[in-house]
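Residues in the sequence shown are numbered from 18 upward in steps of one, following this note's numbering.
Take a look at the structure below.
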Amino acid sequence: MHQLFALVLAQKDLSRAGDLFSLEDAEIEGSLSEALEQIRIISSSADYQTNDNDQAVVEICVTRITAAIRENASIERHGRALVALWESCLEHNLQPSGRDEDTPHAKIASDIMSCILQNYNRAAVMALAVPVAVKFLQRGNKELCRNMSSYLSLAAIAKADLLAEHTDTIVKSVLQGTNTLRF
């Protein structure tokens, strides 16, 4: 892993996290999957929900990683690691708090969702992503569901067969009130 990514993630060093944006994408390209795995470990820790420093470090790192993946069109190379982090968010609370504020894991899920599902025309990526995407429909976060429905509509146009096996889940979600899923 790139030395700066390793330092920022190992020490959860918020003061150095912004420096990641000074690196060229090519410098960090080989480190992205490993960094995503470290982020998954950090975000799965018992105190992550209440640790503002760790949340800020993770948000900055996820933003840097997704930007590099978009710029380098390297979603196929890092898709598995992205989907693994995205799926790990399902193990945590995704419901907005009383202040209508997203939880830390909902923020991660939202950032990763857009990075992954904007690649709806890449069958290999969608094969990894769609099974996870439909799981989010049952989690009750209206904003995630609304965004997910837009992306799943695009995926249905590009590669309908990937959604076919998830039709029951999608229909149940519509029947349970996820009105945004009406394609």
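A virtual CB, placed ideally from N, CA and C, is assigned to each residue, including glycine.
For R163 and V25, the rounded distance between their alpha carbons: In a straight line, the C-alpha of V25 is about 33 Å away from that of R163.
Pairwise C-alpha distance: G35 and N68: Approximately 18 Å between the Cα atoms of the pair.
Spatial neighbours of L31 in its chain, beta-carbon cut-off 6 Å, leaving aside the 5 residues before and after: Around L31: N70, A73 and V74.
Start and end residues, alpha helix (DSSP H) containing P113: Here P113 belongs to no alpha helix (DSSP H), and DSSP marks it neither H nor E.
Among I129, V147 and L179, nearest to R216 - alpha-carbon criterion: This structure cannot speak to residue 216, because the chain is shown only from 18 to 200.
Alpha carbon of A141 to alpha carbon of L111, nearest angstrom: Between the alpha carbons of A141 and L111 lies a distance of about 27 Å.
Straight-line gap, S50 to I133 (C-alpha atoms, nearest Å): Going from the Cα of S50 to the Cα of I133 covers about 14 Å.
Start-end ranges of the alpha helix (DSSP H) lying completely within the segment 81-133, minimum 4 residues: Here the runs fully enclosed are 92-105.
Alpha-carbon to alpha-carbon, S167 and R199: Bear in mind that a pLDDT of 46 at R199, under 50, signals an unreliable position, so the model cannot answer this.
Start and end residues, alpha helix (DSSP H) containing Q66: First-last for Q66: undefined, no H or E at that position.
C-alpha gap between T197 and K29, whole angstroms: Residue placement at T197 cannot be trusted, given a pLDDT of 47 that sits under 50; the coordinates are not used to answer.
K29 (DSSP reduced to helix, strand or coil): The three-state secondary structure of K29, taken from DSSP, is coil.
C-beta atoms of D42 and E88 nearer than 9 Å: Cβ atoms of D42 and E88: closer than 9 Å.
N- and C-terminal bounds of the alpha helix (DSSP H) containing M143: Note, M143: alpha helix (DSSP H), A140 to F153.
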